[in-house]
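K.L.:
With the first letter of the sequence shown counted as 1, position 158 gets the number 158 in UniProt numbering; the numbers rise by one all the way through.
Backbone N, C-alpha and C fix where the C-beta goes; we use that ideal spot for every residue, glycine too.
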Amino acid sequence: MMNRLAASNEDEFNATHDRIARVRPAIVTLHAGSLTAAGWMALPNGLVLSSRRAIGYPTDVSIVPQEGMPLPGRVIAVDVARDVAMVLPLEFPGIVAPLQIRPAPAVRLTEPVSVVSPAPGSDLRIVPARVCQLHTGTGPKPSLFEIDIHAPLGAVVLDAEGRVVGMVATSTLGPLAATSTFTTVLPVPAFSALLGAMDRPNLELRDRTPLYRCPTCEEPYDIAAERCVACGRVLPHAFASTPERADAERLVRDGLAAIGVVANRARVSPTSWRFPLRPFSTAEATHLELTLDDASSTLTIRSPVVTLPTANHEPFYRFLLTMNDQTTGDLAVSIAGDLVSIGCAERLDGCGASALAARIEEIARVSDEYRRTLADTFEAGPKYYVP
1 MMNRLAASNE DEFNATHDRI ARVRPAIVTL HAGSLTAAGW MALPNGLVLS
51 SRRAIGYPTD VSIVPQEGMP LPGRVIAVDV ARDVAMVLPL EFPGIVAPLQ
101 IRPAPAVRLT EPVSVVSPAP GSDLRIVPAR VCQLHTGTGP KPSLFEIDIH
151 APLGAVVLDA EGRVVGMVAT STLGPLAATS TFTTVLPVPA FSALLGAMDR
201 PNLELRDRTP LYRCPTCEEP YDIAAERCVA CGRVLPHAFA STPERADAER
251 LVRDGLAAIG VVANRARVSP TSWRFPLRPF STAEATHLEL TLDDASSTLT
301 IRSPVVTLPT ANHEPFYRFL LTMNDQTTGD LAVSIAGDLV SIGCAERLDG
351 CGASALAARI EEIARVSDEY RRTLADTFEA GPKYYVP
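If you want it as structure tokens, here you go:
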């Protein structure tokens, strides 16, 4: 009896190990600006599926596999209602097999599944779960199911044989209550037609651009808008506005628009925005971060400059103090860890969009000037972006 039990456990362990080895190459991490999401390879052309809400509105995305170098990617299609984003690698070696998909039968109540997502340190997070709710869609509403654990958006859900049965998503047309304590999963039939349309050679898809459609009326919408022009619905941006922040958010949105930045694309949290900006055409783009305080009365604007040099710290610090003394207005250099940044705290009361835009451009320009000065004088490593 014990021998049979040991053999059974060994067989189960070997089967699990084989499934992990088969799945691992197809699980990726997507970096869209400062946003990060789980993703998985769904087609032989390298197409990666993830959550549209998790990655925001990027054009270019970095695809980081479990093994190997990151690949440049581009968002080529989305389904806002189903919370699906399709990312195509622009350089795909074609040596990784996509995950096997189970189009039928549909998942059953209490069916055991596994949720697979990337984990820090080039590892996988595999969590067992069970199907605990089934929801049948009507009309444009997709069918959904729920699992009894919390899981990250974009994570793939596999059956006992390692086949895809769904993806963790937030469907804006689903029948689920906002207070649900479980995780929503979009089943394979809900996105199989999307996959079918993308099952073409990689080169034929590279020039595609996504079209964002309102989940209610299906009319295209401008990602800079807060509501659909056609039906008036509040659009499903990653971060919803609140009455307390409405005036400050409008000022930030208008200020960013004045320098050609779409606020909804740059937003990384309810109170912060991050984006690259070139102080002049031939300069390297530096990132800026805008953060509202709790009262929505002050906006902190900050830009990374350099990392601390490995030597000559004392003259470096004295030089920074001199730079602070010579800086006009309320711009100031600060140090956090090994990162040197420049920024200011801007009072929003009485501030207009054009004044805010001018201040942002000023910080980008000064950041570029300081970066070149410190890098040349102290061999401090230039810092353009902070993850």
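1. Taking A357 and G255 to be in contact with their CB atoms under 8 Å, please state how far apart those CB atoms are, rounded to whole angstroms.
2. Please report the straight-line C-alpha distance between A193 and V87, rounded to a whole angstrom.
3. Among the residues of its own chain, which have a CB less than 7 Å from the CB of M198, if the five just before and after it don't count?
4. For Y385, I'd like the list of residues in its chain whose CB is within less than 6 Å of its CB, leaving aside the five on either flank, ordered along the chain.
5. With DSSP as the reference, please indicate the residues paired to E146 in a beta bridge.
6. Inspect the beta-carbon positions of V96 and I27 and report whether they are closer than 8 Å.
7. Is the CB-CB distance between S143 and I126 below 8 Å?
8. How about L292 and A263: do their beta carbons lie closer than 8 Å?
9. In chain order, what are the residue ranges of uninterrupted alpha helix (DSSP H) at least 4 long that sit wholly in the stretch 26–72?
10. Using only alpha-carbon positions, find the residue among G154, F316 and P236 that is nearest to D376.
11. Taking all protein chains shown into account, do 16 or more other C-beta atoms lie within 10 angstroms of the C-beta of N45, making it buried, or fewer, making it exposed?
12. Going along the chain, which residues of its own chain have a beta-carbon closer than 8 Å to the beta-carbon of A332, five neighbours each way excluded?
13. Run the CB neighbour count on V268, radius 10 Å, all protein chains shown included, and call it buried at 16 or more, exposed below.
14. Which residues bound the beta strand (DSSP E) around V164?
15. Based on Cα-Cα distance, which residue from S50, R52, G73 and A355 lies nearest to V61?
16. Since E379 sits in a beta bridge, which residues does DSSP pair it with?
17. According to DSSP, F275 sits in a beta bridge with which residue or residues?
18. Taking the alpha carbon of residue 392 as the point to measure from, which residue in T310, G352 and I360 has its own alpha carbon closest?
19. Residues in the same chain with beta-carbon distance under 6 Å from A155, minus the five sequence neighbours each way, listed in chain order, please.
20. Taking Cβ positions, are G162 and Q100 nearer each other than 8 Å?
21. Count the other CB atoms, across all protein chains shown, that sit within 10 Å of the CB of H31; report buried if there are 16 or more and exposed otherwise.
22. Under DSSP, the alpha helix (DSSP H) around G255 begins and ends at which residues?
23. What first and last residue would you give for the beta strand (DSSP E) that runs through L299?
24. Pick out the complete beta strand (DSSP E) segments inside the stretch 324–371, 3 residues or longer, and give them in chain order.
25. For I95, which of helix, strand or coil comes out of DSSP?
26. Under the three-state reduction of DSSP, which class applies to S192: helix, strand or coil?
27. Measuring alpha carbon to alpha carbon, tell me which of A151, F182, P189 and P128 ends up nearest G137.
28. Taking Cβ to Cβ, would you say V131 is nearer than 8 Å to I147?
29. From P70, A266 and E361, pick the residue whose C-alpha is nearest to that of A283; which is it?
30. Which whole-angstrom value is the C-beta distance of A119 and I149, which I expect to be below 8 Å?
31. At the level of alpha carbons, what is the spacing between A257 and F145?
32. Once DSSP output is grouped into helix, strand and coil, what is the label at A119?
33. Whole angstroms are fine: how far does the CA of L320 sit from the CA of S51?
34. Measuring straight from C-alpha to C-alpha, what distance separates Q133 and A238?
35. With distance defined between alpha-carbon atoms, name the residue in D123, R365, V107 and D207 nearest to A160.
P.N.:
A quick look at the data gives this:
1. As a first step, residue 357 must be located in the sequence shown, where it is residue number 357. As a first step, residue 255 must be located in the sequence shown, where it is residue number 255. Yes, they are in contact, since the Cβ atoms of A357 and G255 sit about 5 Å apart, within 8 Å.
2. Mapped onto the sequence shown, residue 193 falls at position 193. Mapped onto the sequence shown, residue 87 falls at position 87. Whole-angstrom Cα-Cα distance: 16 Å.
3. Counting from 1 along the sequence shown, the entry for residue 198 is found at position 198. Excluding positions up to five away in sequence, the list reads L43, L47, A77, M86 and L205.
4. By 1-based counting over the sequence shown, the position of residue 385 is 385. Excluding residues within five positions, the ones whose Cβ falls inside 6 Å are H287.
5. Here residue 146 corresponds to residue number 146 of the sequence shown, with the count starting at 1. Its beta-bridge partners are Q133 and T184.
6. On the sequence shown, residue 96 is found 96 positions in, with the first residue counted as 1. On the sequence shown, residue 27 is found 27 positions in, with the first residue counted as 1. Between V96 and I27, the C-beta spacing is not below 8 Å.
7. Within the sequence shown, the letter at position 143 stands for residue 143. Within the sequence shown, the letter at position 126 stands for residue 126. Result no, Cβ atoms of S143 and I126 do not sit closer than 8 Å.
8. The residue labelled residue 292 in the question sits at position 292 within the sequence shown. The residue labelled residue 263 in the question sits at position 263 within the sequence shown. Here L292 is not near A263, since their CB atoms are 8 Å or more apart.
9. 52–55
10. Taking the first residue of the sequence shown as 1, we reach residue 376 at position 376. Cα-wise, what sits closest to D376 is F316.
11. Walking along the sequence shown from the start, residue 45 turns up at place 45. Buried is the call here.
12. As a working note, residue 332 is residue 332 in the sequence shown. Cβ neighbours of A332 beyond the five flanking positions: N324, I342, G343 and C344.
13. Walking along the sequence shown from the start, residue 268 turns up at place 268. Buried: at least 16 other Cβ atoms inside 10 Å.
14. The residue labelled residue 164 in the question sits at position 164 within the sequence shown. Looking at the DSSP string, the run of the beta strand (DSSP E) that includes V164 is V164 to V168.
15. Here residue 61 refers to the residue found at position 61 of the sequence shown. When each option's Cα is compared against that of V61, the closest is G73.
16. Walking along the sequence shown from the start, residue 379 turns up at place 379. E379 pairs with nothing; no bridge assigned.
17. Residue numbering aside, residue 275 sits at position 275 when the sequence shown is read from its first letter. Looking at the DSSP assignment, F275 forms a beta bridge with L288.
18. The chain is shown only over 1 to 387; residue 392 falls outside these bounds and no answer can be derived.
19. On the sequence shown, residue 155 is found 155 positions in, with the first residue counted as 1. Closer than 6 Å at the Cβ level, and outside the excluded window around A155, lie A38, V115, S117 and V168.
20. Indexing the sequence shown from 1 puts residue 162 at position 162. Indexing the sequence shown from 1 puts residue 100 at position 100. Yes, the Cβ-Cβ distance between G162 and Q100 is below 8 Å.
21. Taking the first residue of the sequence shown as position 1, residue 31 is located at position 31. So H31 ends up on the buried side.
22. For this step, residue 255 is matched to residue 255 along the sequence shown. Element bounds for G255: A246 to A258.
23. If you number the sequence shown from 1, residue 299 lands on position 299. It spans T298 to T307 - the beta strand (DSSP E) in which L299 sits, taken as one unbroken run.
24. Runs found: 332–336 and 339–347.
25. Locating residue 95 in the sequence shown gives position 95, where the first residue counts as 1. Note: I95 maps to coil in three-state DSSP.
26. Reading the sequence shown from its first residue, position 192 is the one you call residue 192. Helix at S192.
27. Stepping through the sequence shown from its first residue, residue 137 is reached at position 137. Closest by alpha carbon: P189.
28. Translated into the one-based positions of the sequence shown, residue 131 becomes position 131. Translated into the one-based positions of the sequence shown, residue 147 becomes position 147. For V131 and I147, yes; Cβs fall inside 8 Å.
29. Indexing the sequence shown from 1 puts residue 283 at position 283. Residue E361 is the option with its Cα nearest to A283.
30. Within the sequence shown, the letter at position 119 stands for residue 119. Within the sequence shown, the letter at position 149 stands for residue 149. The Cβ separation is near 15 Å, so there is no contact.
31. In the sequence shown, the residue the question calls residue 257 occupies position 257. In the sequence shown, the residue the question calls residue 145 occupies position 145. Cα to Cα, A257 sits roughly 39 Å from F145.
32. Locating residue 119 in the sequence shown gives position 119, where the first residue counts as 1. A119 falls in the strand class under three-state DSSP.
33. Stepping through the sequence shown from its first residue, residue 51 is reached at position 51. Stepping through the sequence shown from its first residue, residue 320 is reached at position 320. Going by the C-alpha atoms only, they are around 43 Å apart.
34. Counting from 1 along the sequence shown, the entry for residue 133 is found at position 133. Counting from 1 along the sequence shown, the entry for residue 238 is found at position 238. Those two C-alpha atoms are separated by around 25 Å.
35. By one-based count along the sequence shown, residue 160 stands at place 160. Checked all of D123, R365, V107 and D207; the closest Cα to A160 is V107.
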